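Engineer: Okay, handing you the structure first.
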């Protein structure tokens, strides 16, 4: 006879939930992205990615130089343009590194900031059971006042103190983690300031010649080079006008500059016209923009009288060649010269231009190719006259400081003579026209800028340095004191005199801190009251020195 097992069958196991691999991948990727190591790597990559922006010409800063690069490197330039080489800071790959670094810093700082805030609010931990196992250990006599006196000594030395019965726990050195968090938070704010300056900032360069007829108003068309942020429109530019009244420059006898100062008349909307001075290291601050003085030079005044007796005056700035004597070269063009008064028509083949070399202090004898001093002690203008079609009516962009050499090579413009003129002298050309050198005006080169993120950058950099100092010089450490009643064995194995009370002290640095040995000894001496710890302090059971121990239990 078969006996059936009537015991109930065990319940079926519930199916295990298979982990979501996608969620696990996302979680691990987020942890990797928000680690401090990844943030440092991204910061290093951002610095490397910025190198092409300083090596290659950028289209939003100098489109002329970009065009020259395309001409000089016809094969390489298109490939670099495809990957954003001429707009590095607006490229997709640079923005990706920037955003990843931004995200990494936020994800790294937020949990550390939360944990640090909790640590500041929490009490120092309780003393471990075996204080003799800590890197620093000492035994001293209980001072008058007992545990309260020990706590008072620690508080006077700015320790965070907690008393638990016959134990005193103290902690110090939160400045290290505080400085670390301030440093990384400030780095995050620096990125915000850079982004604000890029989005809402603008800048432009302008050469300003002295005189009311050469005044400059803040419109994009009047800039030689202008750069507007992605969130800035031409209508957002502040509407001020500036006129250069005077420019004073002082030089040493060697020709080295000593001081520069520009006096300008400023007209701002809603304000009365005022006069202001500014120099190289002291910019002119206006509402919505700052004016920085970059350079200076001379603009020769040239009057040309054509063969029909019609006079025209040109005040064109000559660009310095880079020498210490401010030798300058430039172009004075008269495209409307030789207009026939009978017909009123202009013959493009009778246009006139003069290329010149200006020397503020010319040598006493030729060759007149270089100035000896930057101020006008012996001014001299070396002119070369050209006549023909200057190519200005063709609508092709060109430089206002140089003659179009293509017209010369094609024979459309021909040289008709050259002459060295001193101030006040004139020169009669072959067709009866004359040219006079009347003098010069001073000019300055300006950089007009507005950066709404500059204040954020200044404040954040200050906090960044302060946080860095706290992170470098802050030291986290803990000390513990425990009162042992009379008759109990101390850690050295000896028994104190009956009725006496001893204090066992221990300490450990939470970070690398070579000076903790001396600090602990001074702290024990201050607690003991007589300036010296017990003779048995600081030794193990075998008599070895405890100062060399590096790890302990918390």
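Residue numbers (my numbering): 2 to 555.
Glycine included, each C-beta is placed from N, C-alpha and C at the ideal position.
Please read these numbers as outputs of a predicted model, since none were measured by experiment.
Is it right to say residue 222 is buried, meaning 16 or more other beta carbons lie within 10 angstroms of its own, or is it exposed?
Structural biologist: Stepping through the chain shown from its first residue, residue 222 is reached at position 221. With fewer than 16 other Cβ atoms within 10 Å, it is exposed.
Engineer: In the DSSP assignment, find the beta strand (DSSP E) that holds residue 419 and state where it starts and stops.
Structural biologist: Translated into the one-based positions of the chain shown, residue 419 becomes position 418. Run containing residue 419: 414 to 423, per the beta strand (DSSP E) assignment.
Engineer: Ignoring anything shorter than 3 residues, give me the beta strand (DSSP E) runs that lie fully in the segment 312 to 363, in order along the chain.
Structural biologist: DSSP runs (the beta strand (DSSP E)) wholly in the segment 312 to 363: 312 to 316, 329 to 335 and 352 to 360.
Engineer: Are residue 169 and residue 505 close, meaning C-beta to C-beta below 8 Å?
Structural biologist: The residue given as residue 169 occupies position 168 in the chain shown. The residue given as residue 505 occupies position 504 in the chain shown. Taking 8 Å as the Cβ cut-off, residue 169 and residue 505 do not qualify as a contacting pair.
Engineer: Check residue 167 in the structure and name its three-state DSSP category.
Structural biologist: Taking the first residue of the chain shown as position 1, residue 167 is located at position 166. Looking at residue 167 - three-state DSSP - the assignment turns out to be coil, as it is neither helix nor strand.
Engineer: Tell me, please, which residues DSSP counts as bridged to residue 448.
Structural biologist: For the purposes of this step, residue 448 is identified with residue 447 of the chain shown, where counting begins at 1. Partner(s): 206 and 293.
Engineer: Measuring CA to CA, which of 144, 235, 47 and 472 is closest to residue 483?
Structural biologist: Here the question's residue 483 lines up with position 482 in the chain shown. Considering only alpha carbons, the answer is 144.
Engineer: Assuming residue 247 is part of the beta strand (DSSP E), what are its boundary residues?
Structural biologist: For the purposes of this step, residue 247 is identified with residue 246 of the chain shown, where counting begins at 1. That run of the beta strand (DSSP E) goes 242 to 252.
Engineer: What residue from 412, 513, 199 and 333 has the CA that sits closest to residue 233's CA?
Structural biologist: By one-based count along the chain shown, residue 233 stands at place 232. Closest by alpha carbon: 199.
Engineer: Are residue 378 and residue 328 close, meaning C-beta to C-beta below 8 Å?
Structural biologist: For the purposes of this step, residue 378 is identified with residue 377 of the chain shown, where counting begins at 1. For the purposes of this step, residue 328 is identified with residue 327 of the chain shown, where counting begins at 1. No. Outside cutoff.
Engineer: By the 10 Å Cβ neighbour count, where 16 or more other Cβ atoms means buried, how is residue 395 classified, buried or exposed?
Structural biologist: Counting from one through the chain shown, the residue named residue 395 turns up at place 394. By the 10 Å Cβ count, residue 395 comes out exposed.
Engineer: Quick check: the Cα distance between residue 524 and residue 118, rounded to an integer number of angstroms?
Structural biologist: Mapped onto the chain shown, residue 524 falls at position 523. Mapped onto the chain shown, residue 118 falls at position 117. Cα to Cα, the separation comes out at about 27 Å.
Engineer: Quick one: what does DSSP say residue 112 is sitting in, helix, strand or coil?
Structural biologist: Residue numbering aside, residue 112 sits at position 111 when the chain shown is read from its first letter. Helix, per DSSP.
Engineer: Is residue 183 buried or exposed, if buried means 16 or more other CB atoms sit within 10 Å of its CB?
Structural biologist: Taking the chain shown and counting its residues from 1, one reaches residue 183 at position 182. Result: buried.
Engineer: Starting from residue 82, follow the beta strand (DSSP E) in both directions and report where the run begins and ends.
Structural biologist: Locating residue 82 in the chain shown gives position 81, counting from the first residue. Element bounds for residue 82: not the beta strand (DSSP E) but the alpha helix (DSSP H), 77 to 83.
Engineer: Rounded to whole angstroms, what is the Cα-Cα separation between residue 455 and residue 461?
Structural biologist: To locate residue 455, count along the chain shown from 1; it is residue 454. To locate residue 461, count along the chain shown from 1; it is residue 460. C-alpha separation (whole angstroms): 10 Å.
Engineer: What are the start and end residues of the alpha helix (DSSP H) that includes residue 410?
Structural biologist: Working through the chain shown from its first residue, we reach residue 410 at position 409. Residue 410 -> alpha helix (DSSP H) spans 406 to 410.
Engineer: Which residue marks the beginning of the alpha helix (DSSP H) containing residue 65, and which one marks its end?
Structural biologist: For the purposes of this step, residue 65 is taken as residue 64 along the chain shown, with counting starting at 1. Unbroken alpha helix (DSSP H) run through residue 65: 64 to 73.
Engineer: For the candidate residues 260, 400 and 120, whose alpha-carbon lies nearest to that of residue 332?
Structural biologist: Numbered from 1 along the chain shown, position 331 holds the residue referred to as residue 332. Cα-wise, what sits closest to residue 332 is 400.
Engineer: Short check: CB of residue 299 to CB of residue 359, under 8 Å?
Structural biologist: Position 298 of the chain shown, counting from 1, holds the residue named residue 299. Position 358 of the chain shown, counting from 1, holds the residue named residue 359. Yes. Within cutoff.
Engineer: Straight-line CA distance for residue 408 to residue 390?
Structural biologist: One-based indexing of the chain shown puts residue 408 at position 407. One-based indexing of the chain shown puts residue 390 at position 389. The straight-line gap from Cα to Cα measures roughly 7 Å.
Engineer: Of the choices 337, 194 and 345, whose alpha-carbon is the least far from that of residue 388?
Structural biologist: Taking the first residue of the chain shown as position 1, residue 388 is located at position 387. Selected option, being the one with the closest Cα: 337.
Engineer: Might you give, ordered along the chain, the residues of its own chain that have their beta carbon closer than 6 Å to the beta carbon of residue 309, omitting 5 neighbours on each side?
Structural biologist: The residue you call residue 309 lines up with position 308 of the chain shown. Result list for residue 309: 342, in chain order.
Engineer: Would you mind reading off the limits of the alpha helix (DSSP H) that contains residue 528?
Structural biologist: Looking up residue 528 in the chain shown gives position 527. First-last of the alpha helix (DSSP H) with residue 528: 517 to 529.
Engineer: Excluding the 5 residues flanking residue 353 on each side, which residues of the same chain have their C-beta closer than 6 Å to its C-beta?
Structural biologist: By 1-based counting over the chain shown, the position of residue 353 is 352. Excluding positions up to five away in sequence, the list reads 335, 338 and 388.
Engineer: Using CA coordinates, which residue listed in 465, 212 and 435 is at the minimum distance from residue 422?
Structural biologist: To locate residue 422, count along the chain shown from 1; it is residue 421. Of 465, 212 and 435, the residue nearest in Cα terms is 435.
Engineer: Should residue 137 be labelled buried (16 or more other beta-carbon atoms within 10 Å of its own) or exposed?
Structural biologist: Along the chain shown, one-based indexing puts residue 137 at 136. Residue 137 is buried by the Cβ-count criterion.
Engineer: Might you give, ordered along the chain, the residues of its own chain that have their beta carbon closer than 8 Å to the beta carbon of residue 5, omitting 5 neighbours on each side?
Structural biologist: Sequence index remark: in the chain shown, residue 5 carries index 4 (1-based). Any reading at residue 5 needs caution, since the residue's pLDDT is 47, under 50, leaving its predicted position unreliable; the model's value is listed next. Answer for residue 5: no residue qualifies.
Engineer: Here's the rule: buried if 16 or more other CB atoms are within 10 angstroms of the residue's CB, otherwise exposed. What is residue 307?
Structural biologist: Numbered from its first residue, the chain shown carries residue 307 at position 306. Looking at its Cβ environment, which holds 16 or more other Cβ atoms inside 10 Å, residue 307 is buried.
Engineer: So what's residue 217 in DSSP terms, helix, strand or just coil?
Structural biologist: One-based indexing of the chain shown puts residue 217 at position 216. Looking at residue 217 - three-state DSSP - the assignment turns out to be strand.
Engineer: I'd like the list of long-range same chain contacts for residue 472, defined as Cβ closer than 7 Å, with 5 residues on each side in sequence excluded.
Structural biologist: Here residue 472 is taken as the residue at index 471 of the chain shown, counted from 1. The residues are 177, 180, 181 and 184.
Engineer: With three or more C-beta pairs closer than 8 Å as the rule, is the segment 55 to 71 touching the segment 109 to 118?
Structural biologist: Verdict: no, contact absent.
Engineer: From residue 491 to residue 463, what does the alpha carbon distance come to, in whole angstroms?
Structural biologist: Residue 491 sits at position 490 when you count from the first residue of the chain shown. Residue 463 sits at position 462 when you count from the first residue of the chain shown. Model confidence at residue 491 stands at a pLDDT of 41, short of 50, so the residue's coordinates are unreliable; what they give is reported in the following sentence. One C-alpha to the other measures close to 51 Å.
Engineer: Give the range of the alpha helix (DSSP H) segment to which residue 456 is assigned.
Structural biologist: Counting from 1 along the chain shown, the entry for residue 456 is found at position 455. Start and end: 455 to 474.
Engineer: Helix, strand or coil for residue 172, going by three-state DSSP, please let me know.
Structural biologist: As a working note, residue 172 is residue 171 in the chain shown. Of the three classes helix, strand and coil, the one that applies to residue 172 here is strand, per DSSP.
Engineer: Is the Cβ of residue 115 closer than 8 Å to any Cβ of chain D?
Structural biologist: Protein chains in the displayed structure number just one, and chain D is not present.
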